[in-house]
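Here the structure is laid out as structure tokens; the discussion comes afterwards.
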Amino acid sequence: MSLPPGFLEELRSRVSIAQVVGRAVTWDLRKSNQGKGDLWAPCPFHHEKTASFHVDDRKGYYYCFGCQAKGDALKFIQETQNLGFMEAVETLAREAGMTMPARDPGQRQRDDRRTTLVEVMEKAVRFYRMQLNGAQAAEARAYLDRRGLSAQQRERWEIGFAPDQRQALFQHLTQAGIAPELIIEAGLCATPDGGGAPYDRFRGRIMFPIRDGRERCIAFGGRSMDPNARAKYLNSPETPLFHKGNALFNHAPARNATGKGQPLIVAEGYMDVIALVNAGFEGAVAPLGTAVTEDQLRLMWRLHEEPVIALDGDTAGLRAGLRVADLALPLVTAGQGLRFALLPGGQDPDDLIKAQGAGAMKAVLDRAVPMARLLWDREIQGQVFDSPERRAALDRRLREMLNRITDPNLREHYAEDFRQQRRTLFSGDSGGGFRPGRKGSWDKKGWDKKGGGSTAPLPGTRGSLLAAGAEGADEDLREALILATLFAHPVLITDFDGPLVDLEPRREDHRRLQAVLLAAAHEDPAPSREVLAERAGEALATLHALPHVAIAPMLRPEVAPDFVRNCLTEDFQVLLSRRALKRELNELAAEIEDIPDDTLTWRLGQTAAALDRAGRGASNESTTDLGEDRAELAAQLQSLIDAQVWVKKKRRPGPP
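In numbering that gives the first Met the number 0, the protein residues as written are 0 to 655.
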């Protein structure tokens, strides 16, 4: 059976050889560099103790330095599973989600024709390069001089010129014995709609050859010398050789550069790529006159696990970057992401390098932000979140983004990143400020504890909830009970996803459990208790080991859901109210020097009233109160009153 042109190439681009081989070997992590796709393991084809079997994931090949076994993913499948070639192709195609083509007896003829078309394209490359030295190309050479492209660099990029004549290339190729239909099929010439002699598709343009991953010329890009041209840049049309959504300019050289540790930089056009490479950033590529496609993203990830999208520093550049991010969101996985570098002041890479040099470009790349940050900034840019409705709208948009991430583990990490950004946005709390339960004095460096013994936990309790001591042990215990209850009753998670986001746990294990629950809130149907427990791992087991959690009646599966829902509502209200109260007290302590006397007195009164309400619980019938928390907060408030914070203290005179 013959396969259509490009099928095997696309199959190899979609399947990672590291994943294929990784199912049969154990990688030597000390010798391997997974970030660069450089992997080593004991050879699966002969017995050995040392890791002499090498896989280059970027190039898609393996080689054993012991037994000299070598090949690609297809060869590995054939050898390890005792399959024929077509059986191996079918196996990998299923894995890559590709449909095997139907049998086609004419495929060999088409393969031969593609080979012939490549030969036609190479003849065109030589013709255009020769024309760049002619009299008609004087303006083009002057343009290239202004862009800083030396004669050596023009040779490196095989830059040519298409004369502004109707049939210059057509006549050259037909005189060399090339059939007109081949010239047209290669996309070099076209026929008028009304009939007549073919004409050159590219006229009066600087020509850039476009080569595939095997260094074959498959298309051209042309930059017009006519300022009034309808298209400043023109690419070859779709042909048997060229599909612009599945190709990258500078593909093969960039693959070699990223294999040596260079970053993969995705720029907008040919001149940006040329400027980057000439400045030393050899892993630069560009899409071909169109928005980035899914196929191009997959090609990029084959070259590097985290390409950097270099955005022109204008509104259009930012919009283009956001389109790429939205396209990539369902495709990103662990080890397959994107970063975004925004260039300054409406510049592109070529402009920046010419104006400030390679160092300025490197600084921009070093400041590239992850995709999660770009998406977050879009959602808050120019927004004012001064009402519950606006904050809820932000939460809805974030949930919609999270739902598009197909990798569950990555979705949890994105959710955690968004929660941290959200906490910073809504609370502005950096972790400093007044600490409840301590006595001391406030200065500009924060709350300074005076006197007392060591507060460090004993070795036996370090890391436990008890180690929080007077600074929030009861808060953490209540929080633990809330989390454990939601794990015990997954059907209630969606009812409390809003308060769950606002929970803001202090402990790392609690944040991990919160992330698992919030990820589950977006699943339909809700995952089972067993599935959630597996995702939570040791963190949930530690939670269940706490005595007050182990005996909690709400965790029993037979308890009525309405009772559990009411208990959770009460606990969320009390805990979130208490934390809001603590923030208010922190603000009071921080602002003593700046608040007018009557304002401070009013705020103290309001805080006292809130403390009383929180102590009684959410309702008069509540069976839950703050317990020791209420006493702790009362002591904290009393310390402010005892200090008569509403009375302005006289400042000590400074040195003359």
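Note that the Cβ used here is the ideal one computed from N, Cα and C, for glycine as well.
A Cβ-Cβ separation of about 6 Å places A357 in contact with G279 under the 8 Å criterion.
With 16 or more neighbouring CB atoms inside 10 Å of its own CB, D271 falls in the buried class. L275 is a Cβ neighbour of P348, given a cutoff of 8 Å. Look at M206 here: in three-state DSSP terms it is strand.
In chain order, R210, D211, G212, R213, E214 place their CB closer than 8 Å to the CB of A251, counting only its own chain and leaving out the 5 sequence neighbours on each side.
For N277, the secondary structure class from DSSP, reduced to helix, strand or coil, is helix.
Cβ-Cβ separation between P498 and L397: approximately 16 Å, too far for a contact (criterion under 8 Å). If only complete runs of 4 or more residues are kept, the segment 241-271 shows the alpha helix (DSSP H) at 250-258, in order along the chain.
For F44 and K69, the gap between their C-alpha atoms comes out near 10 Å. If you draw a straight line from the Cα of V323 to the Cα of A367, it is about 15 Å long. By the neighbour-count criterion, in which a residue is buried when 16 or more other Cβ atoms sit within 10 angstroms of its Cβ, S15 is buried. By the Cβ-count criterion, N565 is exposed, with fewer than 16 other Cβ atoms from all chains shown falling within 10 Å of its own Cβ. Contact check for P236 and G186: beta-carbon distance about 5 Å, within the 8 Å limit, so the pair qualifies. For I183, there is no enclosing beta strand (DSSP E); the residue is part of the alpha helix (DSSP H) that begins and ends at 179-184. In chain order, Y198, D199, R202 place their CB closer than 8 Å to the CB of R165, counting only its own chain and leaving out the 5 sequence neighbours on each side. Rounded to whole angstroms, the gap between the alpha carbons of W26 and I76 is 18 Å. When the beta-carbon positions are compared, P239 and E180 stay at least 8 Å from each other.
Per the coordinates, the alpha-carbon of E86 lies some 15 Å from the alpha-carbon of F6.
When only Cα atoms are considered, A150 and R140 end up about 9 Å apart. Residue nearest to G316 within the set E305, T289, G345 is G345 (criterion: CA-CA distance).
Taking the Cβ atoms as the reference, V563 lies roughly 19 Å from H509, outside the contact range of under 8 Å.
By the neighbour-count criterion, in which 16 or more other beta carbons inside 10 Å mark a residue as buried, E478 falls on the buried side.
A Cβ-Cβ distance of about 4 Å is found for the pair R57 and G36, placing them in contact under the 8 Å criterion. Runs of alpha helix (DSSP H) with 4 or more residues, each lying fully within the segment 112-199, are found at 137-145, 150-156, 167-174, 179-184, listed in chain order. Minimum Cα-Cα distance from P526 among the listed residues L485, F384, G194, E399 corresponds to L485. Rounded to the nearest angstrom, the Cβ distance from G336 to L373 is 11 Å, too far for a contact under 8 Å. Excluding residues up to 5 positions away in sequence, L337, M370, I404, D406, L409 lie with their Cβ nearer than 8 Å to the Cβ of V331 in the same chain.
Here Q335 is bridged, per DSSP, to T332.
Annotated as distal: V490 and E411, with beta-carbon spacing of 8 Å or more. Along the segment 513-594, the alpha helix (DSSP H) occurs as fully enclosed runs of 4 or more residues at 528-535, 537-543, 546-549, 560-589, listed in sequence order. Counting the other Cβ atoms within 10 Å of the Cβ of D475 gives 16 or more, which makes it buried. Under the DSSP assignment, W39 falls in the beta strand (DSSP E) whose first and last residues are 37-40.
The segment 242-251 makes no contact with the segment 111-122, as fewer than three CB pairs between them are under 8 Å. Sixteen is the threshold: when 16 or more other Cβ atoms of the shown chains lie within 10 Å of the Cβ of S223, as they do, the residue is buried.
With respect to the C-alpha of G65, the residue from H46, A285, L82, T79 having the closest C-alpha is H46. The alpha carbon of E503 has as its nearest neighbour, out of A579, F126, A246, the alpha carbon of A579.
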